[in-house]
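Protein chains in written order, with our numbering: chain A, 171 to 328; chain B, 239 to 362.
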Amino acid sequence: MPTVTSHDIYEAVQGIFQSMLGVNPQLVSLEQEDEALHNQGIAAIVGYAGESDGSVIFTCSLELGTILAGLMLMEEEVDPESEDVDDAVGEIGNMIAGQLKNLVCEGGDEVQLSIPVIVRDGNYRLSVPSSYDRWRLTCFHIDGAPFYVEMVSSEPLE
Amino acid sequence: MSINVLIVDDSSTMRKIVQRNLKQTGLDLGEIFQAGDGQEGLAVLNEQTVNLVLSDWNMPNMDGLGMVQAIRANEAWNHIQIIMITTEGGEAKVQEAVAAGANGYVKKPFTADDLEAELASAAA
Numbered sequence: 171m172p173t174v175t176s177h178d179i180y181e182a183v184q185g186i187f188q189s190m191l192g193v194n195p196q197l198v199s200l201e202q203e204d205e206a207l208h209n210q211g212i213a214a215i216v217g218y219a220g221e222s223d224g225s226v227i228f229t230c231s232l233e234l235g236t237i238l239a240g241l242m243l244m245e246e247e248v249d250p251e252s253e254d255v256d257d258a259v260g261e262i263g264n265m266i267a268g269q270l271k272n273l274v275c276e277g278g279d280e281v282q283l284s285i286p287v288i289v290r291d292g293n294y295r296l297s298v299p300s301s302y303d304r305w306r307l308t309c310f311h312i313d314g315a316p317f318y319v320e321m322v323s324s325e326p327l328e
Numbered sequence: 239m240s241i242n243v244l245i246v247d248d249s250s251t252m253r254k255i256v257q258r259n260l261k262q263t264g265l266d267l268g269e270i271f272q273a274g275d276g277q278e279g280l281a282v283l284n285e286q287t288v289n290l291v292l293s294d295w296n297m298p299n300m301d302g303l304g305m306v307q308a309i310r311a312n313e314a315w316n317h318i319q320i321i322m323i324t325t326e327g328g329e330a331k332v333q334e335a336v337a338a339g340a341n342g343y344v345k346k347p348f349t350a351d352d353l354e355a356e357l358a359s360a361a362a
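Below is the structure:
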């Protein structure tokens, strides 16, 4: 089974942001983390299971989530409380998870994705079993607002 | 002749993106219908005349593959072109969709150019 590297994760995220949102996120840090991820406001969690299993978590502030929804929908005004924001953030998480599962399991055919689950209203920790490897990617986006992508895997990450 | 299109995806955001990209392809578009899963998609096909279906794979209730199989099981819908637009990017998945009757396959993330190229290939 191929080993997913931190650079693979960044490339997958970068490709999605460039092609679907027309922006190029700047990488700030990329590290293996033991600490639970602290939700910044809105998060999309997509699980995968099959030949390998794990989760992909995308989290950002509600303000940034609203900006991203506006970029995806090409709409200047998006209500932060609307389902459009949940749906757009969920779709970003879904696309990132889809790319990463193709890396975890060559071709991705023996791994199934869950539907994206959205959590809102921040200020809580997202924990996973300590036996799983986890990479956390921090990117800056518009006006220095950060977003995080975390990959949690039953397979070793490099 | 203008083409009536059905876009099937459980994400309303993705349906809007697909519709926007579709309008950039230069196709002579007629009506554009939307559905949130395969069952809703089949319901639209029962009520409307559709020439092209653009469908996600992973959806609740009935997934895209199930919908493709149901469409191909109905002779009245044999003329419909079906393009899958999905995060399922593996070659075996592509072959599975084609074997079920899909005419083309676009992997997310995608651009209007990707969609246009696949539509041209499927029509050839």
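We treat Cβ as the ideally placed atom computed from N, Cα and C, and that holds for glycine.
Per DSSP, which residues does K345 of chain B bridge with? Please list them.
B:T324
At the 7 Å Cβ level, is M305 of chain B part of the contact set with chain A, yes or no?
no
Looking only at C-alpha atoms, which of A:M242, A:I212, A:S199 and A:S252 sits nearest to Y294 of chain A?
A:I212
Nearest chain A C-beta to S240 of chain B closer than 7 Å, yes or no?
no
Count Cβ pairs between the stretch 282–297 of chain B and the stretch 244–260 of chain B that sit closer than 8 Å; are there 3 or more?
yes
Can you find a C-beta in chain B that's less than 7 Å from the C-beta of A258 of chain A?
yes
7 Å is my cut-off, CB to CB: does T349 of chain B come that close to chain A?
yes
So, using beta-carbon positions, are S189 of chain A and T349 of chain B closer together than 7 Å?
yes
Identity of the residue in B:Q286, B:A358, B:V306 and B:T325 nearest F271 of chain B by Cα
B:Q286
Does DSSP put E269 of chain B in a helix, a strand or coil?
strand
Where the alpha helix (DSSP H) through D291 of chain A begins and ends
Premise fails: D291 of chain A is in no alpha helix (DSSP H) and is neither H nor E.
For Q282 of chain A, which three-state DSSP category applies?
strand
Taking C-beta to C-beta, are V216 of chain A and N264 of chain A nearer than 7 Å?
yes
With DSSP as the reference, label I215 of chain A as helix, strand or coil.
strand
Residue from B:S240, B:P347 and B:G279 with nearest C-alpha to G268 of chain B
B:S240
Do you know offhand how far A355 of chain B's Cα is from N194 of chain A's?
25 Å
Going by the beta-carbon positions, is the gap between F228 of chain A and A214 of chain A smaller than 7 Å?
yes
Same chain, Cβ closer than 8 Å to E325 of chain A, five either side skipped, listed in chain order:
M171, T173, V174, S222, G224, V274 and D303
What residues from the stretch 271–290 of chain B come within 7 Å of chain A, judged by C-beta to C-beta, listed N to C?
none
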